[in-house]
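> Sequence lines, in order, name chains Z and S. Those letters in the first sequence? Residues 209 to 596, per the working numbering, in order. Those letters in the second sequence? Residues 160 to 246, per the working numbering, in order. Here a beta-carbon is modelled for each residue, glycine too, at the ideal position from N, C-alpha and C. These numbers come from a predicted model, not from an experiment.
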Amino acid sequence: MTVLDNSPSPTSGPAALVEQLKGGLDAPICLTWELTYACNLECVHCLSSSGRRDPRELDTDEAKAVLDELHDLQVFYINIGGGEPMIRRDFFELVEYSISKGIGVKFSTNGAFIDADKARRLAAMDYLDIQISLDGTDAVTNDAVRGDGSYDTAIEAMQHLRDAGFGEFKISVVVTRHNVDQLDEFKALADTYGAQLRITRLRPSGRGADSWHDLHPTQAQQRQIYEWLLAKGDDVLTGDSFFHLNALGEEPLPGLNMCGAGRVVCLIDPIGDVYACPFVIHDEFKAGSVRDPGGFSQVWKHSDLFTELREPQSAGACASCGSYDACQGGCMAAKFFVGIPLDGPDPECVRGEGEAAMLAAAAGQTAPPRPMMDHSKPARVPVSITRR
Amino acid sequence: MLDSSLDLHPQVALRPEPFGALAYHYDTRKLVFLKHPDMVRVVRVLGDHETVADALTACDIDERRWPSFDKALTSLYESEMLHDRAR
Numbered sequence: 209m210t211v212l213d214n215s216p217s218p219t220s221g222p223a224a225l226v227e228q229l230k231g232g233l234d235a236p237i238c239l240t241w242e243l244t245y246a247c248n249l250e251c252v253h254c255l256s257s258s259g260r261r262d263p264r265e266l267d268t269d270e271a272k273a274v275l276d277e278l279h280d281l282q283v284f285y286i287n288i289g290g291g292e293p294m295i296r297r298d299f300f301e302l303v304e305y306s307i308s309k310g311i312g313v314k315f316s317t318n319g320a321f322i323d324a325d326k327a328r329r330l331a332a333m334d335y336l337d338i339q340i341s342l343d344g345t346d347a348v349t350n351d352a353v354r355g356d357g358s359y360d361t362a363i364e365a366m367q368h369l370r371d372a373g374f375g376e377f378k379i380s381v382v383v384t385r386h387n388v389d390q391l392d393e394f395k396a397l398a399d400t401y402g403a404q405l406r407i408t409r410l411r412p413s414g415r416g417a418d419s420w421h422d423l424h425p426t427q428a429q430q431r432q433i434y435e436w437l438l439a440k441g442d443d444v445l446t447g448d449s450f451f452h453l454n455a456l457g458e459e460p461l462p463g464l465n466m467c468g469a470g471r472v473v474c475l476i477d478p479i480g481d482v483y484a485c486p487f488v489i490h491d492e493f494k495a496g497s498v499r500d501p502g503g504f505s506q507v508w509k510h511s512d513l514f515t516e517l518r519e520p521q522s523a524g525a526c527a528s529c530g531s532y533d534a535c536q537g538g539c540m541a542a543k544f545f546v547g548i549p550l551d552g553p554d555p556e557c558v559r560g561e562g563e564a565a566m567l568a569a570a571a572g573q574t575a576p577p578r579p580m581m582d583h584s585k586p587a588r589v590p591v592s593i594t595r596r
Numbered sequence: 160m161l162d163s164s165l166d167l168h169p170q171v172a173l174r175p176e177p178f179g180a181l182a183y184h185y186d187t188r189k190l191v192f193l194k195h196p197d198m199v200r201v202v203r204v205l206g207d208h209e210t211v212a213d214a215l216t217a218c219d220i221d222e223r224r225w226p227s228f229d230k231a232l233t234s235l236y237e238s239e240m241l242h243d244r245a246r
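#1: Taking CB distances under 8 Å as the criterion, tell me whether Z:Val506 reaches chain S.
#2: Rounded to the nearest angstrom, what separates Z:Pro216 and S:Lys230 at their Cα positions?
#3: Does any residue of chain S have a CB that is nearer than 8 Å to the CB of Z:Tyr335?
#4: Enumerate in chain order the residues of its own chain whose CB-to-CB distance from Z:Pro218 is below 8 Å, with the five nearest sequence positions on each side excluded.
#5: Can you find a CB in chain Z that lies within less than 8 Å of the CB of S:Ala172?
#6: One question on the structure: do S:Lys178 and Z:Gln228 come within less than 8 Å of each other, judged by their Cβ atoms?
#7: For S:Cys218, I'd like the list of residues in its chain whose CB is within less than 6 Å of its CB, leaving aside the five on either flank, ordered along the chain.
#8: Could you check which residue in Z:Tyr245, Z:Gly463, Z:Tyr285 has the C-alpha nearest to that of Z:Ile307?
#9: For chain Z, check one thing: does any of its Cβ atoms lie closer than 8 Å to the Cβ of S:Arg188?
#10: Which residues in chain S have a C-beta closer than 7 Å to the C-beta of Z:Leu233? List them in chain order.
#11: Quick check on the burial criterion: 16 or more other C-beta atoms within 10 angstroms. Buried or exposed for Z:Val283?
#12: Mind checking the region 282–296 of chain Z against chain S and listing, in chain order, the residues whose C-beta falls within less than 9 Å of any C-beta there?
#13: Where DSSP assigns a beta bridge to Z:Leu405, which residues make up the other side?
#14: Taking Cβ to Cβ, would you say Z:Glu265 is nearer than 8 Å to Z:Pro478?
#15: In whole angstroms, give me the CA-to-CA distance for Z:Asp343 and Z:Leu225.
#16: Could you run through the region 229–245 of chain S and flag, in chain order, every residue whose CB is less than 8 Å away from some CB of chain Z?
#17: Measuring alpha carbon to alpha carbon, tell me which of Z:His279, Z:Phe321, Z:Thr515 ends up nearest Z:Asp360.
#18: Give the straight-line distance between the Cα atoms of S:Gly206 and S:Glu239, rounded to the nearest whole angstrom.
#19: With 16 as the cutoff for other CB atoms within 10 Å, does Z:Pro586 come out buried or exposed?
#20: For Z:Ala347, tell me which candidate among Z:Asn387, Z:Ile311, Z:Pro553 has the shortest Cα-Cα distance.
#21: Excluding the 5 residues preceding and the 5 following Z:Ala455 in the sequence, name in chain order all residues of the same chain whose CB lies nearer than 6 Å to its CB.
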């Protein structure tokens, strides 16, 4: 979805609009729904710590009831993810139901379940977007993060989509220290498949809490991302996820440049819990459940958490920084899972304040909060034959 | 634009919001903010009137504000949210 803010208004400008959005909308613009915690992969940065199915997962009827509600709220579009959403047996049923209700679907997949037949079925549907996750333009780089064979799987799915005439699907990349030099190659790869490139920010969420310190881009690489986006990012999607980089220069990156958590975005997890955004699966950011009386609407409109997030936020430790207007203090989720207070600097603050804040947090008595709802598969214990 | 005969594109849905409305185009997947309730009223009735000017008159929009409406409607037309209607 492209958000245009170019409709001049008889009375207000873009700044006024962002202030309005911070106060929250009547319904989300961009709602992410992780359909299942089950996944065939075990990516080291998985933001939902997916792997095993949760037995409490919403069933087909419950999921359809949520879609009915989103229809009534006039939610135009949902992002479906997981886990691997195509693992659900009712995947097509739910997607078709959603589209029939006027709710467009974009779903994220690792591609493992897109064979030639499924690709044709997907290509025949309107109002459907597909995002294939890929974190390297070669198997070595990609598979180090996403697991052995996952590069080939993704490329094969892309070939099936192209052969089926799906049209412009998306290739979705989480930018890391190891693939940041491949941005041009990712763009070329997308062009080859008639696809659109989407790059997003790595967060220390889910299993990412453990891999973030080794994977997140260095300060120099952050500038590289910012400059690449300004130079070549015109038709590259970012989910507005790099707004913390705006403090690097005069020219802001395209997008709304604000944290939308609980204001214009939210997450519904596989068991129906509603969180402020896809990157904060933790009780502290859980607003309620679609299974509660009043359903999703009640949570979106009246939950204490979302009401609080829509109140003016304090710039806290960043109040005296000249860049605050540009970066807005960065990403709440990123701060939370590295132990930085929510009114502190982003861990990837381009002025370097994040490093100091993380050191200060580490010097404190309490460890950073751990992500919740871990559905990782049990670690495989290598079988060793020992001599007694 | 004031003399044009316009209508909301059939693939565009409007969702009321405190500031005005969101307009979503199901084909282009573009989302636009209509940043004033008056703008929403005008857009909703465009199809019922011969010209844009007639719609502005019918909505009681002060003529001093017409240029800004003209500009906003032109922008909506360019992003295909509005389309030409046969007279």
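Once the coordinates are examined:
#1: In the sequence on display, residue 506 of chain Z carries Gln and not Val. Cβ-Cβ to chain S under 8 Å: no for Z:Gln506.
#2: Caution is warranted here: a pLDDT of 47 is assigned to Z:Pro216, below 50, making its placement in the model unreliable, and no coordinate value can be reported.
#3: The beta carbon of Z:Tyr335 sits closer than 8 Å to some beta carbon of chain S.
#4: With a pLDDT of 48 at Z:Pro218, under the threshold of 50, the modelled position of that residue is not reliable, and no figure is offered here.
#5: With a threshold of 8 Å between beta carbons, S:Ala172 makes contact with chain Z.
#6: Strictly speaking, residue 178 of chain S in this sequence is Phe, with Lys absent from that position. Contact flag set, yes.
#7: If the five residues before and after S:Cys218 are omitted, its C-beta is found closer than 6 Å to the C-beta atoms of Arg200, Val201, all from its own chain and listed in chain order.
#8: For Z:Ile307, the nearest C-alpha among the options comes from Z:Tyr285.
#9: Under the Cβ distance rule, S:Arg188 counts among the residues neighbouring chain Z, one pair being separated by less than 8 Å.
#10: Here the neighbours are Glu176.
#11: With 16 or more neighbouring CB atoms inside 10 Å of its own CB, Z:Val283 falls in the buried class.
#12: Cβ contacts with chain S come from Gln282, Val283, Phe284, Tyr285.
#13: According to DSSP, which records beta bridges pairwise, Z:Leu405 is partnered with Z:Ile379.
#14: Between Z:Glu265 and Z:Pro478, the C-beta gap is smaller than 8 Å, which places the two residues in contact.
#15: Roughly 34 Å between the two C-alpha positions.
#16: Answer in chain order: Lys230, Ala231, Ser234, Leu235, Ser238.
#17: Comparing Cα-Cα distances from Z:Asp360 to each of Z:His279, Z:Phe321, Z:Thr515, the minimum goes to Z:Phe321.
#18: In a straight line, the C-alpha of S:Gly206 is about 15 Å away from that of S:Glu239.
#19: With fewer than 16 other Cβ atoms within 10 Å, it is exposed.
#20: Here the closest residue by C-alpha is Z:Asn387.
#21: Closer than 6 Å at Cβ, skipping near neighbours: Ser531, Ala534, Cys535, Val558.
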